[in-house]
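If you want my numbering, it's the 1-based position in the sequence shown plus 37.
All C-beta atoms in this analysis are idealised placements derived from N, C-alpha and C, irrespective of residue type, glycine included.
Presented below is the structure to which this report refers.
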Amino acid sequence: MAEITYATQRLDHLGIVAGICREIDLAGQIDRIVGPTNRQVSVGEAVQAMVLNALGFVSRPLYLTSEFFANKPVERLLRPGLTAEMLNDDSLGRALDMLYEAGPTEIFAQVASHALRLWGIQHRFVHLDTTSLSVEGEYEGPEEPGVVHITHGYSRDGRPDLKQMVVALLTSYRSALPLWIQALDGNASDTHIFPQVIEAYIAQLQEGEMPYLVADSALYSEENLQRLGGVRWLTRVPERIGLARALIEAVSASEMQPAGQEGYRYLELCTTYGGVRQRWLIVWSEQAEKRERATLQKRVSRERDKAEQAWKGLLRHEFPSREAAEEAVERLTQRWAYHQVEVRYREVAHYGRKGRPASGAVPQRVGWRLEGEVAKRPEAIAQAERRLGKFILATNELDEERLPAEEMLLAYKGQGVGPERGFRFLKDPWFFADSLFLKSPKRIMALVMVMGLALLVYALAEHKLRTALQEQGESVPNQVGKPTQRPTMRRVFQMFEGIDLLVISTPEGVQQQVLNLKPIHRLILRLLGPNVEKCYLDTS
């Protein structure tokens, strides 16, 4: 009697990832861009394998991808004929080389654009921001044109000891759907990066597509505004600009009109800066004022403590002249923003011997000592209080009907949602290691693109599930068991832990059975569509 064998493979949530990859034709899109390679594992398949690894919840480095797939149903997740052994570090490394040669930023943009058009996702606002990614290794050698310079720079991760690169990310409004990802030099500044990234992104848009580009105040400079003459932008005006600072101090919340969003007020005006006509929106936020007032009070209190300690130290000194004493006071107090000293200068005569000096005795030398107390500077504190909770937005869209003031405010608030969610994802050790290690900057640039594709697949799955839940009136349990129509995909991935594939080999053939699927899993699979459902269907 022929033997019947049984084996299990871990499927978990990876069928969701594979299904979304198939729906947007991730591997096919990349293979068409890269062109024929005669590889056992195509470049597109290698990328999809890396995306599956990235979203596998195991923090396993890239070079352990074959180990990651050792107990996974590779043929179901990728294609028949592929094995875990084929997904080794040499194969994936060479795929990264080919991605670099084909242009990783351009590949990502085309794949993302295709996916969003496929699903009919449009975006009126696009948000731009940057972050730094720490990199292990030295990466010494001559700089090459078009290759990122991995070096030390301002680390947003608090790791100045490591070299880094900067990553620019463009996302659609409030959804964290990535539209563009680009690796840049590790010491690049946002002021110079922003216009370059915007111009590159705009250049690949199809005719008729022209969203508003939303960025933080690093975009706002005379040179950048003049350079981006053909781009519609929305940004924050830095307070270093004299007019902005004066308006923030002069315009009170009572002079503004209420916004549609509770706790906000605004005042709109037109002005010209850098030769560019624009609309400014002075905004006051009640919550921001409360938060900033508490911060200001702590700052004033801390400065008071430090000032009194430093002043006591100065009181112990004697100075050779009044001028020297005045200079010491000036050096000390110029570091204080909210305090001053009510100082008195006292002359101290020194005679050659102890005791009361004789009448008419001439002192051998005269010194100067300080007296007085540390006191608040009411006008400085009042000036700081007038700025609390206020900021200025600017746009070169002069038509108020096309971009109303309240939509300006709502769109800018999304700046803290889309890119920030994307950066948290990219830096989450569940998905990628805290720092990268590859043999060359070229491969790192290609891997950044793969990281962006992992974010794209994750965000698309989340968008599709949330939309389907709302349209069909369904819900799923959140972390505490309460129904929600806005689950994170991370939560959904956790719900799929323990879904296995049983493989039964008999003389008549091989049968496969998916184990542990419950009604909630089937609901999610149905909402995510046939491409995802297919990954969990039993096959014989």
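Under 8 angstroms between C-beta atoms of residue i and residue j
| i | j | result |
| --- | --- | --- |
| G566 | E60 | yes |
| L165 | A205 | yes |
| Q85 | C58 | yes |
| P110 | L538 | yes |
| F105 | N125 | no |
| R372 | E408 | no |
| A362 | W321 | no |
| A107 | E82 | no |
| L318 | M482 | no |
| V569 | G56 | yes |
| L425 | E329 | yes |
| R154 | Y210 | no |
| L493 | A152 | yes |
| D227 | A255 | yes |
| V184 | P478 | yes |
| A17 | E305 | This structure does not reach residue 17, given that the chain is present from 38 up to 577, and the question cannot be answered. |
| L216 | V163 | yes |
| I218 | M202 | no |
| W270 | T167 | no |
| P141 | V378 | no |
| A412 | L333 | no |
Buried/exposed call for residue i, threshold 16 Cβ in 10 Å
| i | result |
| --- | --- |
| D342 | exposed |
| R353 | exposed |
| V385 | exposed |
| V251 | buried |
| Y375 | buried |
| C307 | exposed |
| K327 | exposed |
| P182 | exposed |
Residue interval of the alpha helix (DSSP H) (run including residue i)
| i | result |
| --- | --- |
| Q531 | 526 to 532 |
| G585 | One cannot answer for residue 585 here, as it falls past the ends of the chain, which runs 38 to 577. |
| A573 | According to the sequence as given, residue 573 is Tyr; it is not Ala. Looking at the DSSP string, Y573 is not in any alpha helix (DSSP H), and its letter there is neither H nor E. |
| F145 | 141 to 155 |
| V111 | 111 to 114 |
| Q66 | 63 to 71 |
| E545 | Segment: none, E545 is in no alpha helix (DSSP H) and carries neither H nor E. |
| M293 | Careful: M293 lies outside any alpha helix (DSSP H) and carries neither H nor E. |
| V80 | 80 to 91 |
| Q263 | 259 to 264 |
| G52 | 51 to 60 |
| A374 | Element bounds for A374: n/a, residue is neither H nor E. |
| E286 | 279 to 287 |
| L242 | Run containing L242: none; DSSP gives neither H nor E here. |
| P556 | 556 to 565 |
Backbone secondary structure at residue i - three-state DSSP
| i | result |
| --- | --- |
| D166 | strand |
| D342 | helix |
| H387 | strand |
| G451 | helix |
| H500 | helix |
| L538 | strand |
| K427 | strand |
| E363 | helix |
| Y43 | strand |
| F106 | helix |
| V337 | helix |
| L304 | strand |
| I235 | helix |
| L271 | strand |
| T228 | helix |
| P394 | coil |
| Y382 | strand |
| Y310 | strand |
| T332 | helix |
| A470 | Reliability fails at A470, whose pLDDT of 48 lies under 50, so the model's placement of it is uncertain and the value that follows must be treated cautiously. DSSP places A470 in coil when its eight states are reduced to three. |
| P478 | helix |
| V517 | coil |
| L506 | helix |
| S171 | strand |
First and last residue of the uninterrupted beta strand (DSSP E) at residue i
| i | result |
| --- | --- |
| L318 | 313 to 322 |
| V403 | 402 to 413 |
| I218 | 215 to 221 |
| M202 | 200 to 209 |
| V251 | 249 to 252 |
Q: Say whether the stretch 285 to 299 touches the stretch 392 to 401, bearing in mind that this needs 3 or more beta-carbon pairs closer than 8 angstroms, one atom from each stretch.
A: no
Q.
Under 8 angstroms, with one C-beta from each stretch per pair, do the stretch 501 to 514 and the stretch 543 to 561 reach the 3-pair mark?
A. yes
Q.
With three or more beta-carbon pairs closer than 8 angstroms as the criterion, would you say the stretch 450 to 460 touches the stretch 302 to 318?
A. no
Q) For the 8 angstroms Cβ check, are there 3 or more pairs between the stretch 524 to 532 and the stretch 42 to 56? A) yes
Q) Per the contact definition of three or more C-beta pairs closer than 8 angstroms, is the stretch 411 to 422 in contact with the stretch 230 to 240? A) No: fewer than three Cβ pairs fall under 8 angstroms.
**Q.** Segment contact flag, the stretch 68 to 76 with the stretch 134 to 141, C-beta cutoff 8 angstroms, min 3 pairs
**A.** yes
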